[in-house]
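Here's the structure, in structure tokens; my notes come after.
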Amino acid sequence: MEPREKTDEAVLPLTGHLAEFRRRLIYCLAALALASGASYAYIEDIIAFISAPAGKLYFMQPAEVFFSYLQVAVCTGFLVTVPVWAYQLWRFVRPALTGKERRGVFLLVPAAVILFYSGLAFSYALVLPPAMRFFMDFASSSLQPMFSLSAYLSFFMSFTVPFGLAFELPLVLLVLSRLGLVTPQGLRRKRKAFIVLDFIFAAVISPTGDAFTQMMIALPVLILYEGSILVMKWLDRGRLGSRNYVP
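Numbering-wise, the UniProt record's numbering puts 125 at position 125 of the sequence shown, and it's gapless, one number per residue.
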């Protein structure tokens, strides 16, 4: 096992680690406050971007707009500062890692951030618009859609965030593969079980419960699962090739 570097950070007492954690948390909260304030300055543009798939929104209570604006500003600030949170987490755990572990985590953290953003972008650009059209097709001469601001924002968050989390699946599987807990062959054998679990997962996190939304959540996750198997096989061949190579 590769020895950990003996640094002053690595041998801090518990109080030292708590102080370091507090310092990193303050950095994150300061970045969040700045990003949220900047987001509030452009809140109308952000609301217009978010509400584009639904069209015109309404507010039903006097304070609904104010609190909804605050919610959107804070959420936008958090999304903007996700790399800051990831970097501060990396700096906090870095002293406890070996050189090899540091290199792995250094690649792991940016990949997790990119995959999370990719899931959000995928859901907003490719899934949310047809989902909104599907729901608005239920309108009739006696039923017209009128989405309140707070209700739509709640739906928007519950619809897009699960995609960001689901897109972390390849990273989770690759980490488990590197730890020797899963193999490409084992994942292929368990494909049918995964499909069932995938649709159960989609049904649980779906904000509406309809079959269309569940399908739009489950299919990308299944594609990511199959893609992860291919990547794992490619990495395994690379490792075997390097072991068998004799200069």
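We put the beta carbon where it would ideally sit given N, CA and C, even for glycine.
Status (buried if at least 16 other CB within 10 Å, exposed otherwise) for residue i
i, result
"aspartate 198", "buried"
"cysteine 99", "According to the sequence provided, residue 99 is glycine. The question's cysteine does not apply to it. It is exposed - the Cβ of glycine 99 has fewer than 16 other Cβ atoms within 10 Å."
"glycine 16", "exposed"
"tryptophan 234", "exposed"
"proline 220", "buried"
"isoleucine 26", "exposed"
"valine 93", "exposed"
"alanine 31", "buried"
"alanine 33", "exposed"
"phenylalanine 116", "buried"
"residue 248", "Shown here, the chain extends from 1 to 247; a query on residue 248 therefore has no answer."
"isoleucine 229", "buried"
"alanine 193", "exposed"
"alanine 73", "buried"
Range of the contiguous alpha helix (DSSP H) that encloses residue i
i, result
"aspartate 45", "43-51"
"arginine 189", "184-189"
"valine 93", "82-93"
"leucine 126", "Segment: none, leucine 126 is in no alpha helix (DSSP H) and carries neither H nor E."
C-alpha gap between residue i and residue j, whole angstroms
i, j, result
"cysteine 28", "isoleucine 195", "38 Å"
"arginine 178", "alanine 203", "30 Å"
"threonine 160", "glycine 180", "32 Å"
"valine 105", "serine 68", "36 Å"
"proline 53", "proline 95", "46 Å"
"glycine 77", "arginine 189", "42 Å"
"leucine 126", "glutamate 64", "29 Å"
"proline 247", "leucine 174", "At proline 247, the pLDDT of 44 sits below 50, so the modelled position is not reliable; the number obtained from the coordinates is stated separately. About 29 Å."
"proline 62", "glutamate 226", "49 Å"
"valine 109", "glutamate 168", "11 Å"
"leucine 222", "serine 123", "15 Å"
"leucine 79", "valine 113", "10 Å"
"glycine 55", "proline 129", "11 Å"
"leucine 57", "alanine 151", "10 Å"
"leucine 165", "phenylalanine 66", "29 Å"
"serine 39", "glutamine 88", "22 Å"
"leucine 171", "cysteine 75", "24 Å"
"glutamine 144", "alanine 131", "17 Å"
"methionine 215", "phenylalanine 201", "11 Å"
"tryptophan 85", "arginine 24", "9 Å"
Helix, strand or coil at residue i according to DSSP, with G and I counted as helix
i, result
"serine 142", "coil"
"leucine 179", "coil"
"phenylalanine 167", "coil"
"alanine 63", "coil"
"threonine 160", "helix"
"aspartate 137", "coil"
"leucine 174", "helix"
"leucine 97", "coil"
Strand pairing of residue i, partner residues [DSSP]
i, result
"serine 148", "Tyr58"
beta-carbon residue i near the ligand PLP non-hydrogen atom, thresh 7 Å
i, result
"threonine 183", "The ligand PLP is not part of this structure, which contains no ligands at all."
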